[in-house]
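Asks: Going by the working numbering, 79 is the number at position 73 of the sequence shown; the sequence numbering is gapless. Where is the CB? At the ideal position from N, CA and C, for every residue including glycine. Structure provided below as structure tokens; questions to follow.
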Amino acid sequence: LLAVEEPEAHLHPDKQRIVARALARLSRGGVSVMLSTHSPYILHQLSNLILASEVDPKALSRIGLAREDAVPPHDVAVYLFRLRDRGGSEIQPLPLIPGFGIQEEGFLFVAESLQEETWRLVQAARTEAENSSASERPSP
Numbered sequence: 007l008l009a010v011e012e013p014e015a016h017l018h019p020d021k022q023r024i025v026a027r028a029l030a031r032l033s034r035g036g037v038s039v040m041l042s043t044h045s046p047y048i049l050h051q052l053s054n055l056i057l058a059s060e061v062d063p064k065a066l067s068r069i070g071l072a073r074e075d076a077v078p079p080h081d082v083a084v085y086l087f088r089l090r091d092r093g094g095s096e097i098q099p100l101p102l103i104p105g106f107g108i109q110e111e112g113f114l115f116v117a118e119s120l121q122e123e124t125w126r127l128v129q130a131a132r133t134e135a136e137n138s139s140a141s142e143r144p145s146p
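Shown next, in the form of structure tokens:
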């Protein structure tokens, strides 16, 4: 059994993806892997590797993956640990969705919220810049 706690610590997101692929290959090689993570990159990469098990080897090669990277869904169990309002934790199994992979609602919500905030800030900064440059123009 290989237990890994938060392998994403101090790693660039691209390196987190490499770690996820390495752990998946260890699992495919017969090592039982137990992983705890807060990384949306590792979760998403593992989800992709589960989805890869549904894809033809030639297509995988064109995508840059090997058959050894693909993880059959029956080899994976994913759990979300949530704090209860009254204290303690609740363990919620996350479904593996055929044709998609791991249901990532918790992480996806944060990513979408962050992207929406970025978009609003970009729009506000552009409006501010336009207003500022308009007020600096000499009047005819």
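(1) Output yes or no for whether 9 Å exceeds the beta carbon distance between serine 59 and phenylalanine 106.
(2) Between alanine 30 and the rest of its own chain, which residues show a CB-CB distance below 7 Å, the 5 nearest in sequence each way excluded?
(3) CB serine 42 to CB valine 10, shorter than 9 Å?
(4) Taking the alpha helix (DSSP H) that alanine 65 falls in, what are its first and last residues?
(5) With a cut-off of 8 Å on the beta carbons, I'd call glutamate 110 and histidine 44 a contact; round off their distance for me.
(6) State the beta-bridge partners of glutamate 11 as determined by DSSP.
(7) Where aspartate 20 and serine 67 are concerned, what is the direct C-alpha to C-alpha distance, given to the nearest angstrom?
(8) I need the DSSP call for valine 128, collapsed to helix, strand or coil.
(9) Quick one: grab the DSSP three-state call for arginine 92.
(10) Note down, in chain order, each residue of its chain lying with its Cβ closer than 6 Å to the Cβ of proline 104, except the 5 sequence neighbours on either side.
(11) Express the C-alpha separation of leucine 57 and proline 63 in angstroms, rounding to a whole number.
Replies: Reading off the structure:
(1) For serine 59 and phenylalanine 106, no; Cβs fall outside 9 Å.
(2) If we look at alanine 30 and ignore the five residues flanking it on each side, its Cβ neighbours are Leu52, Leu55, Asp75, Val77.
(3) Using a Cβ distance threshold of 9 Å, serine 42 and valine 10 count as a contacting pair.
(4) It spans 63-69 - the alpha helix (DSSP H) in which alanine 65 sits, taken as one unbroken run.
(5) Not quite, the Cβ-Cβ distance comes to about 12 Å (not below 8 Å), so this is no contact.
(6) Answer by DSSP bridge pairing, in chain order: Ser42.
(7) Distance between the alpha carbons of aspartate 20 and serine 67 is about 19 Å.
(8) In the structure shown, valine 128 sits in a helix (DSSP, three-state: H, G or I).
(9) Under the three-state reduction of DSSP, arginine 92 is assigned to coil, being neither helix nor strand.
(10) Nothing listed; no residue qualifies.
(11) The straight-line gap from Cα to Cα measures roughly 12 Å.
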